[in-house]
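In full-length UniProt numbering, the protein residues as written are 51 to 891. All C-beta atoms, glycine included, are put in the ideal place defined by N, C-alpha and C.
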Ligand code: GPV
């Protein structure tokens, strides 16, 4: 407020206020200006990367103007805001998205052409912002797009990693990880060197009594690290709303401590301190669905949570409202348990720093937070050791113990003399060492807990969180089935299909109301429409075939059936079953006479995905896929009938090319293990069919599109436990076709069998935890049905179009509206340009 320009000088400001470019000329002027000034280049040395940079900067400037107005508007309106806390935001590229969302891609295309560039080439210059591992991080990115597009006042909070997810190279069939140093040039962020927060670590707790005789705790000593804010504007589609993603970067605090070292001549060690502080936000942990309990990871979590809460609380305090109104102005959503310390931090701020009574504070905390669970896999449920938290965050550990004490006391009152129950639900696991169960803390400290697809939400209620349903009642637990943004995953990734759909559904309205896709059903039999549809799919396949040729050297035929499985490599996702199936297909083809072979349907098996660097089995799977490809792709008997390719470095921008080119994609997790899956939705939305298990969102996709339009197979979630038990305690006979595949691997057909011994024995000798053998027969049979169905191209096309028409439910807009109404209690802030004035008082 004190930085606000006084009335007499405002006239000058208003006279010179910047406005965004409005036409092609204005756009070109900005591009040239950035080339000549920001980039210090000229028309004599402007390559595609400089053109990208200048174009991105022109759009960035445009976005930040709307960003400013949006923040003003939301402050003026005193709206309740939602804060989405996520350690991962898998944003991908920003330029194409920004141009489409502000409705100026055509203008930019024409402008760039006049300046000598093709817009497609310029877009390709951008490095993905890959601050995430997989589905969880991409979900956060889709949510930001929907929040802005629906005009919700919302901020994302995350970490500004210097290194995002590693770049994957495939060398001799093995995955090699290369660091992703992406900040070299990032035009999409605004450093806010004036927005900083000092974050404390270590130290000790001092107890004292105040004048009224109340015990007060203060956390003192230890060391301080500075959090610096970097803001990334998030433009909504076809709306001026431009929300904020605030990412925190760590650096050394310039406190007295450093100075003393410096003065005493210990310059080297003060530089070392500097570097140590910077390591906090240096690197994204590359694990998906796995908790490794590393100290630096806990430091990241607290650093990010404490900076974000300080920021949120600072904003609330400006309003001068009483604390009890905090939950009326602030909703905080926890993307998995990674930000659970926020619950403890808010309680600490309210009790220790603001002097509220424990119960009053706790009430505010619980009403502020919501927690989303994304997995039931035991190895992914976060636990932190008590000694580690004690060391790093001594006051927080005390608060956790107090929260647990009061919680267990209330459970004891509700269910007297039930020690087993107390042990089961306790936030502290009485192990050696003791562990803090973050999911339990998140449940106790939130007013709503949700799963991400119906089956998953049912499973958490009946398995891992069963006792909490007894304690808190069923209403605390809810489902919000995941969704995807149709802007990026249809309009941007598949512009021709988007245009065709627009021509039949009455314009672009389906991009903001995806249920309008249903109008497509009227055209299922329209000859011309079908022809165009098929042409678009074919063109997308041609484009992917070119990419495959360029990156792997393998020639694939665009008329073959493209069978795609792209996602993180994980045993529960069962890429091993897919490659075993491909081997089976190969052996079957080899055993045929040339005449028989002629009648077979050509197929391309396409894989992509990263393995966590420490996940040995996942790396073995990648290796086998590549080795199978090396054999099959060079077998003269086979030719086009089967190709197996592994696409290097699967990421968001590659997904935008791969997904629209798929005929069938694989979502084949062991039933009950994939919480939702979101690429399944993307593939169907782009006119591909899917083969899948009855798991995650596959089930709801089936309900929406009809069971004739999906290829389901395999055991059901309800039977998994019994089957696992039978493997371990009964006799376990391996499926005969699978045994044949194993024999071939062991004969050395695909390289040294020792390299794949782990994969084979996990199924054959170690209990087949993921039920590969149990599902294999059904998997092969269903693939035979896929072949058969694909032979009838007309029927196939009907299935594809019908499915797209019925995908309206899976927009992340629907999903965000459900969160807004059922969990956050927030309303959109509709933009009324006339009401807007220059600045808040
Ligand atoms: I926990 N998910 C992820 O990508 N990484 C994780 O560490 C965890 C969950 C995923 C689930 O595996 C998907 O089923 C789900 O669709 C996605 O989160 C978004 O909810």
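Between the stretch 263-280 and the stretch 134-145, the count of Cβ pairs shorter than 8 Å is below three; the stretches do not touch. Each residue's CA atom was taken as its position, placing residue 148 and residue 663 some 33 Å apart. By the Cβ-count criterion, residue 383 is buried, with 16 or more other Cβ atoms from all chains shown falling within 10 Å of its own Cβ. Distance check between residue 98 and each of 362, 349, 162 and 603 places 162 closest, using alpha-carbon atoms only. Taking 8 Å as the cut-off, the beta carbon of residue 362 is found no closer than this to the beta carbon of residue 275.
Taking the Cβ atoms as the reference, residue 338 lies roughly 14 Å from residue 432, outside the contact range of under 8 Å. Around the beta carbon of residue 78, a 10 Å sphere encloses 16 or more other beta carbons of the protein chains shown; the residue is thus reported as buried. For residue 284, the enclosing beta strand (DSSP E) stretches over residues 273-285. Straight-line spacing of the CA atoms in residue 327 and residue 246 works out to 14 Å. Closest in C-alpha terms to residue 627, from the list 732, 459, 830 and 449, comes 830.
In this structure residue 855 is not in contact with residue 709, their Cβ atoms being roughly 18 Å apart against a cut-off of 8 Å. Residue pairing by DSSP places residue 401 in no beta bridge whatsoever.
In the three-state reduction of the DSSP assignment, residue 301 falls in the strand class, which pools E and B. For residue 499, the number of other beta carbons within 10 angstroms of its own is at least 16, and it is reported as buried.
Inter-residue distance for residue 160 and residue 74 is about 7 Å (C-alpha atoms, whole angstroms). For residue 255, the pairing in a beta bridge is given by DSSP as 269. DSSP lists 534 as the beta-bridge partner residues of residue 861. Under DSSP, residue 613 takes part in a beta bridge, and its partners are 655 and 714. Remark: the C-beta of residue 429 is outside contact range of the ligand GPV, defined as less than 7 Å to any heavy atom.
Per the Cβ contact rule, the stretch 692-710 is in contact with the stretch 644-656 (3 or more Cβ pairs under 8 Å). In this structure, residue 724 has its CB closer than 7 Å to one or more heavy atoms of the ligand GPV.
The DSSP assignment places 527-529 as complete runs of the beta strand (DSSP E) inside the stretch 502-535, in order along the chain (cut-off: 3 residues).
A direct Cα-Cα distance of roughly 14 Å separates residue 555 from residue 546. If the five residues before and after residue 812 are omitted, its C-beta is found closer than 6 Å to no C-beta atom of its own chain. Checking the 7 Å criterion, the Cβ of residue 769 is out of range of every heavy atom belonging to the ligand GPV.
In this structure, residue 818 places its C-beta atom within 8 Å of the C-beta atom of residue 782. Every beta strand (DSSP E) stretch that sits fully inside the stretch 661-723 and reaches 3 residues is listed by chain position as 692-697 and 714-717. Contact check between the stretch 91-107 and the stretch 171-179: three or more CB pairs, one atom from each, fall below 8 Å, which counts as touching. Under a 10 Å Cβ-count criterion, residue 298 is classified as buried, with 16 or more other Cβ atoms of the shown protein chains found around its own Cβ.
Distance check between residue 81 and each of 581, 69 and 109 places 109 closest, using alpha-carbon atoms only.
Taking C-beta atoms as the reference points, residue 293 and residue 194 count as a pair closer than 8 Å. Taken from the Cβ of residue 400, every heavy atom of the ligand GPV lies 7 Å or farther away.
Residue state for residue 542 is assigned as helix, using DSSP reduced to three classes. In this structure, the straight-line span from the alpha carbon of residue 482 to that of residue 604 is close to 53 Å.
The three-state secondary structure of residue 806, taken from DSSP, is helix. Remark: the shortest separation between the CB of residue 386 and any heavy atom of the ligand GPV falls under 7 Å.
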